[in-house]
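Participant: In terms of this note's numbering, the sequence shown is residues 11 to 323.
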Amino acid sequence: MSQFSRIDPAQYAHAWENIPYAEQDPLQTVSIYTPGDDGNYPLLIYVNGGGWVQQGPQLNTVPGVWCAPSQGYALASIGHRLAPEWHWPAQALDVKAAIRFLRAHADEYGYNADTVVAWGNSAGGHILSMCAATNNMPLFEDRTMGNPNEDSSIQGLVLFYAPCDLYQMELNNYITPEEFHSLAESPEGIGEDEPGMRLNSNILLGCRALDHPTIAATASPINFVTEEYPPVALFQGMDDPLVPYTHTTSLYNMVNYKCGKNHARMELFDDAVHGDPAIKENSVTARVFDFIDEIVHGARQERRPFPAIETLE
């Protein structure tokens, strides 16, 4: 993730970084940014990508996310445990624990967490999609991690090039696991020499999905979509070598099948690859915030100019 820089927290009216929400791992932190002292800003949560084996909760991987305070939203960026030290479903349990923490501390940090919209890219999008698909499902919630009486549900979802079926990750990819590992900039030394175990999704599972389809199924949002799945906006490049665009079309079609037409929205980008700049342009960011506004406010709000995101590097 060396091509991305750390955001400068000083550009926000208020910033609280690396707040622990659980105690199993130092990565279980959340950083909160608000635009002022109103105390009632709607909350947008973000989970960054990183192939499940690394993360950068304070990196400008998706610059539009960091414009949330300029649009009147509080932003909370969530860190989580990583594979291979922690296998699935630790990551989903973490994000749900973080959401419960955020709801419990809304008054303290000055935002309104009644309606939570989540934005995730790549592996972060996968985790959030799984959290959304399993809203209020005890199997995917560990309330011993803190704030057991709070709700961890998500009311709206934005997904950038996110996997939805980990069994299909190996079947649909046209590059080798080693090439995937390299393109994802995964740290060296992660992954075993066993067949398929250099593929990041299999590292997350702790086994090869093709040999253990039942385990892969438990980490695949496509299998958990019900009529309760929240409204979702999906964005992906058609030439993505890491997450084939069929993950986005599959989830789009499944959500609309289960929930009704237009519950899911989708934009596909010709000739665009994983994390392509075309998906991160301000015009796309504006459409994302229009979607978020509709969930939170019931209608699109006046769009303020997007600031240039300041970084420390």
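Built from N, CA and C at the ideal position, the CB exists for glycine as well.
Taking the beta carbon of THR44 as the centre, do at least 16 other beta carbons fall within 10 Å, making it buried, or is it exposed?
Facilitator: buried
Participant: What first and last residue would you give for the beta strand (DSSP E) that runs through HIS24?
Facilitator: Run containing HIS24: 24-30, per the beta strand (DSSP E) assignment.
Participant: Which word fits ASN212, buried or exposed, when buried means at least 16 other C-beta atoms lie within 10 angstroms of its C-beta?
Facilitator: buried
Participant: Taking the alpha-carbon positions, what's the PHE301 to ALA243 distance?
Facilitator: 7 angstroms
Participant: Could you pull out every residue in the same chain whose Cβ sits closer than 7 angstroms to the Cβ of PHE190, ignoring the five residues on either side in sequence?
Facilitator: ASN183, LEU209, ASN210, LEU252
Participant: Within a Cβ cutoff of 6 angstroms, which residues of the same chain sit near SER162, ignoring the five residues on either side of it in sequence?
Facilitator: Only residues of its own chain outside the window of five on either side were considered, and among them LYS106, ILE109, ARG110 have a CB closer than 6 angstroms to the CB of SER162, listed in chain order.
Participant: Closest to PRO315 by CA distance: which of GLY46, CYS77, PRO36 is it?
Facilitator: CYS77
Participant: I believe SER260 touches CYS174 by the beta-carbon criterion, under 8 angstroms. Please report the beta-carbon distance rounded to the nearest angstrom.
Facilitator: The pair is a contact, with the Cβ atoms about 6 angstroms apart (cut-off 8 angstroms).
Participant: Answer with buried or exposed for ALA23, where buried requires no fewer than 16 other C-beta atoms within 10 angstroms of its C-beta.
Facilitator: exposed
Participant: Which same chain residues end up closer than 7 angstroms to LEU92 when comparing Cβ atoms and leaving out the 5 residues on each side of it in sequence?
Facilitator: LEU37, TRP62, VAL63, GLN64, GLN65
Participant: Is the region 230-250 touching the region 269-278, taking contact as three or more C-beta pairs under 8 angstroms?
Facilitator: yes
Participant: Would you mind stating whether ASN70 and THR321 have Cβ atoms separated by less than 8 angstroms?
Facilitator: yes
Participant: Identify, in the order they occur along the chain, each residue of the same chain with its Cβ nearer than 7 angstroms to the Cβ of LYS268, setting aside the five sequence neighbours on each side.
Facilitator: VAL235, THR236, GLU237, TYR239
Participant: Verify whether the separation of the beta carbon atoms of ASN122 and ASN50 is less than 8 angstroms.
Facilitator: Contact: yes.
Participant: What span of residues does the alpha helix (DSSP H) with VAL265 cover, start to end?
Facilitator: Segment 256-269, the alpha helix (DSSP H) holding VAL265.
Participant: What span of residues does the alpha helix (DSSP H) with GLY135 cover, start to end?
Facilitator: 133-143
Participant: For GLU151, does the count of other Cβ atoms within 10 angstroms reach 16, so buried, or fall short, so exposed?
Facilitator: buried
Participant: Relative to the ligand NAP, is the shortest distance from any of its heavy atoms to the C-beta of ASP300 smaller than 7 angstroms?
Facilitator: With respect to the ligand NAP, the structure offers nothing, as it holds no ligand at all.
Participant: Apart from the five residues just before and just after ALA128, which ones in its own chain have a Cβ nearer than 6 angstroms to its Cβ?
Facilitator: ILE55, LEU138, ILE164, LEU167
Participant: Going along the chain, which residues of its own chain have a beta-carbon closer than 7 angstroms to the beta-carbon of VAL72, five neighbours each way excluded?
Facilitator: ASN131, PHE170, LYS290
Participant: Have a look at GLY285, TYR83, ILE42, THR295 and flag the residue whose alpha-carbon is nearest the alpha-carbon of ASP48.
Facilitator: Closest by alpha carbon: TYR83.
Participant: GLY74 and VAL306 - do their beta-carbons sit closer together than 8 angstroms?
Facilitator: no
Participant: Report the three-state DSSP secondary structure of ARG51 (helix, strand or coil).
Facilitator: It should be noted that the sequence gives Tyr, not Arg, for residue 51. Reduced to three states, the DSSP call for TYR51 is strand.
Participant: Measure the alpha-carbon distance for ILE95 versus TRP26 and round it to whole angstroms.
Facilitator: With the sequence shown as reference, residue 95 is identified as Glu, and Ile is not the correct amino acid for it. Taking the straight line joining both Cα atoms gives about 27 angstroms.
Participant: State buried or exposed for ILE39, treating a residue as buried only when at least 16 other CB atoms are found within 10 Å of its CB.
Facilitator: Note on residue identity: the sequence assigns Thr, not Ile, to residue 39. Counting C-beta atoms within 10 angstroms of its own C-beta, THR39 has 16 or more neighbours from the protein chains shown and is therefore classed as buried.
Participant: Might you give, ordered along the chain, the residues of its own chain that have their beta carbon closer than 8 angstroms to the beta carbon of HIS90, omitting 5 neighbours on each side?
Facilitator: LEU37, GLN38, VAL57, GLN65, ALA100, GLN101, ASP104, VAL105, ALA108, ILE137
Participant: Quick one: Cα of ALA229 to Cα of LEU215, how far?
Facilitator: 8 angstroms
Participant: By a C-beta neighbour count over all protein chains shown, 10 Å radius and 16 as the cutoff for buried, is ILE185 buried or exposed?
Facilitator: exposed
Participant: Please list, in chain order, all residues of the same chain as VAL126 whose beta carbon is under 7 angstroms from its beta carbon, the five residues on each side excluded.
Facilitator: LEU53, ILE55, ILE109, ILE164, GLN165
Participant: Please name the residue or residues paired with ARG275 in a DSSP beta bridge.
Facilitator: ALA243
Participant: Where does GLU160 land, buried or exposed, given buried means 16+ other C-beta within 10 angstroms?
Facilitator: buried
Participant: Can the beta-carbon of GLY156 be found less than 8 angstroms from the beta-carbon of TYR31?
Facilitator: yes
Participant: By Cβ distance, which residues of its chain are closer than 7 angstroms to ASN292, with the 5 residues on each side in sequence left out?
Facilitator: PHE316
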